[in-house]
Amino acid sequence: MHKRIETDSPGVFIEELKKIDDTLPKRIDANPQNVEKGLAKLVLTLIELIRRLLERQAMRRVESGSLTDEEVERIGETLMKLEDKMQELKGIFGLKDEELNLSLGPLGDLM
Amino acid sequence: MRVYLYAIIDSNDKIRKAIKGLEKASVYNIPYRDIGLIVSKLNGQVQDISIDRAIEHEGVVETLMEDFTLLPVRFLTLFDKEEDLLSVIKGYYSDFIENLDRLRNKIEFGIKVIWPGNTIRERIMNNYPKDDYPASISGDSPGKDFIKARFKRYKITKGFEDEAERCIAVIDNLFSLSVTEKRLERLKSENLLLNAYYLVEKERQDDFRRSFEQLKSSFNDFKYLFSGPWPPYNFIIPKVI
Amino acid sequence: MTMKDVVTRSKDVTLLEVLDRVLNKGVVIVGDITISVADVDLIYLGLRVLLSSVETITHLRGAPIEGPMQEPT
């Protein structure tokens, strides 16, 4: 291979890139036993994405001071319930947090 | 014998160099109107697909980029026969022409930056003023407690991301004069501040390299990685289906 | 880090840079619709679901491999 990399700290970059696990394409495993789990992962990832966006939106509104006391309380309780539901669903499908890989780009990792 | 596709080039001539591809097969150019499809023949049973084959594939592309404008094709693009390849290419022709025109004489470079994200987040956390919540979440109740905790987390994350944006802007700015296009991936992880792909005209590559030298002396505890030149993998505008 | 470590790691980094491009980027030619959701590419070719992680492929040594982008019928 042609020499085309320059860095003082190759080890550090390898560590970080391995953490991201992004260098190999993600695909749904075609193994029939795993198809169900793969689809569950997909659906739950979507739901979790929406849940996080809702939470972020709520935070912005809290920050802006445009919510009443009762609204804050209600939103808090709703978000709590949403999260409990997600935990339940993850439990049913045997999925852990790390398995829902949500890399939201500019939003960073909200976990 | 299958047909393995490496790249699309802006020439319908035979290639002069003798290039070996996967399975040491000869690489040749299938002309199609004003472009060429760089292929080699591959055995029916692909026994040995591995990282080494991916590197061989990249080797073919790198050799060609010296002489042609090319669109690199993703690894493992196979067709049963040339006719199949040609009938599929028909639908992509105008997109290929547009991309080739846009990418003529341009090469890709990669810049990665690692910063001490953990330390920075900790600093922001420690500086977070206690009980700095909007009035509406005063008083205790389950919903409000939940919101308080999440709000603190939100503010810290926001502070962290703002800091990242500031640093990224400084870094990106160093290269802005010598690049024609860019793709920036921000904060792919806590510590990987920036993963940038830059498209640079061949004649400007020295300017670009000089900018990297400047970058190395920018932030004290950041780590930098420079890679390239590459064919324009990250700058192909795909066909909109 | 010893000099040898640096050399070895540099090769690894080069490999990662190559693979990032050759496996994930570049022109994608498909005979069917590509659906991309939450950073997961689902490419359906008839009833087949794509497998193209290099690790998966190396595990399939000896078995005939179908390429990801295939002949139109």
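Protein chains in written order, with my numbering: chain A, 2 to 112; chain B, 30 to 270; chain C, 1250 to 1322. C-beta atoms are modelled at their ideal positions from N, C-alpha and C, and glycine is treated no differently. All figures in this text were calculated on a predicted structure; none of them were measured in a lab.
Partners in chain C for residue i, counting only beta-carbon separations shorter than 7 Å
i     : result
A:L18 : L1265
B:I84 : V1267
With 16 other Cβ atoms within 10 Å as the buried cut-off, status of residue i
i       : result
B:S165  : buried
B:I266  : exposed
B:S207  : buried
B:P101  : buried
C:S1285 : Below a pLDDT of 50, predicted positions are generally treated as unreliable, and C:S1285, at 40, falls in that range; the measurement from the model is reported next regardless. Exposed, since its Cβ has fewer than 16 Cβ neighbours within 10 Å.
B:P158  : exposed
B:E127  : exposed
B:P260  : buried
B:Q76   : Bear in mind that the predicted position of B:Q76 carries a pLDDT of just 47, short of 50, making it unreliable; the figure below should be weighed with that in mind. By the 10 Å Cβ count, B:Q76 comes out exposed.
B:R133  : exposed
C:E1266 : buried
B:K252  : buried
C:I1292 : Any reading at C:I1292 is ruled out, since the residue's pLDDT is 38, under 50, leaving its predicted position unreliable.
B:N249  : exposed
B:T106  : buried
B:E306  : The structure shown has nothing for residue 306 of chain B, since chain B only spans 30 to 270.
B:R239  : exposed
B:N263  : buried
B:K110  : exposed
B:G146  : buried
A:K82   : exposed
B:D42   : exposed
B:R195  : exposed
B:K217  : buried
A:L54   : exposed
Proximal residues of chain B, C-beta to C-beta of residue i below 7 Å
i       : result
A:V13   : I143 and K252
C:R1270 : W259 and Y262
A:D70   : S165
A:G92   : The contacting residues do not exist; A:G92 stays about 20 Å from chain B at best.
Start and end residues, beta strand (DSSP E) containing residue i
i      : result
B:P60  : Y57 to Y61
B:V102 : Taken as a continuous stretch (DSSP letters only), B:V102 belongs to no beta strand (DSSP E), as it is neither H nor E.
A:L83  : Looking at the DSSP string, A:L83 is not in any beta strand (DSSP E); the run it does join, the alpha helix (DSSP H), is D70 to F94.
B:L221 : L221 to E230
B:A36  : R31 to I38
B:I143 : K135 to I143
B:E95  : No beta strand (DSSP E) holds B:E95; DSSP gives it neither H nor E.
B:E214 : E210 to R215
B:F255 : K252 to W259
Cβ-Cβ separation, residue j to residue i (assumed contact under 8 Å), whole Å
i       : j      : result
A:G12   : B:K173 : In fact, because the Cβ distance is near 46 Å, the residues do not count as touching under 8 Å.
A:V73   : B:I176 : 6 Å
B:R150  : B:I197 : Actually they do not touch by this definition, with Cβ atoms about 16 Å apart.
B:L129  : B:T98  : 5 Å
B:G24   : B:F138 : In the structure as shown, chain B starts at 30 and stops at 270, and residue 24 of chain B therefore has no counterpart that could be examined.
B:S69   : B:G50  : 4 Å
A:F94   : A:L45  : 7 Å
C:K1274 : B:R103 : 7 Å
A:A59   : A:L43  : No, A:A59 and A:L43 are not in contact; Cβ-Cβ is about 25 Å, not under 8 Å.
B:S255  : A:T8   : The question names Ser, but residue 255 of chain B is Phe in the sequence shown. 7 Å between Cβ atoms; contact.
A:E56   : B:R179 : 6 Å
Chain-ordered chain A contacts of residue i [CB-CB under 7 Å]
i      : result
B:S170 : E74
Extent of the continuous alpha helix (DSSP H) to which residue i belongs
i      : result
B:G65  : Careful: B:G65 lies outside any alpha helix (DSSP H), inside the beta strand (DSSP E) at I64 to L71.
B:E111 : E111 to L132
B:Y183 : P171 to F204
A:P11  : P11 to I21
B:E151 : G146 to N155
A:T8   : Where A:T8 is concerned, there is no enclosing alpha helix (DSSP H), although the beta strand (DSSP E) it sits in stretches over I6 to T8.
B:R238 : Q234 to K245
Within chain A, partners of residue i - CB distance below 9 Å
i      : result
B:L221 : F14, E17, L18, K20 and I21
Under 9 Å from the C-beta of residue i: neighbouring residues of chain B
i     : result
A:L80 : G172, F175, I176 and R179
A:E56 : R179 and Y183
A:G95 : In chain order: nothing, as chain B lies at least about 26 Å away.
Closer than 8 Å at the beta carbon, the chain C residues around residue i
i    : result
A:I6 : S1259, V1262, T1263 and E1266
Amino acids of chain A, ordered along the chain, whose beta-carbon sits closer than 8 Å to that of residue i
i      : result
B:S218 : E17, K20, I21 and D110
B:S256 : R5, I6 and E7
Partners in chain C for residue i, counting only beta-carbon separations shorter than 9 Å
i      : result
B:Y121 : V1276 and I1278
B:I265 : K1274, G1275, V1276 and V1277
(request) Spell out a yes or no on whether the region 242 to 251 of chain B and the region 106 to 120 of chain B are touching, meaning 3 or more CB-CB pairs, one atom from each, closer than 8 Å. (result) no
(message) Pairs of beta-carbons, one from the region 33 to 47 of chain B and one from the region 83 to 100 of chain A, closer than 8 Å: are there three or more?
(response) no
(message) Contact between the region 13 to 21 of chain A and the region 227 to 238 of chain B is defined here as three or more beta-carbon pairs at a separation below 8 Å; is this criterion met?
(response) no
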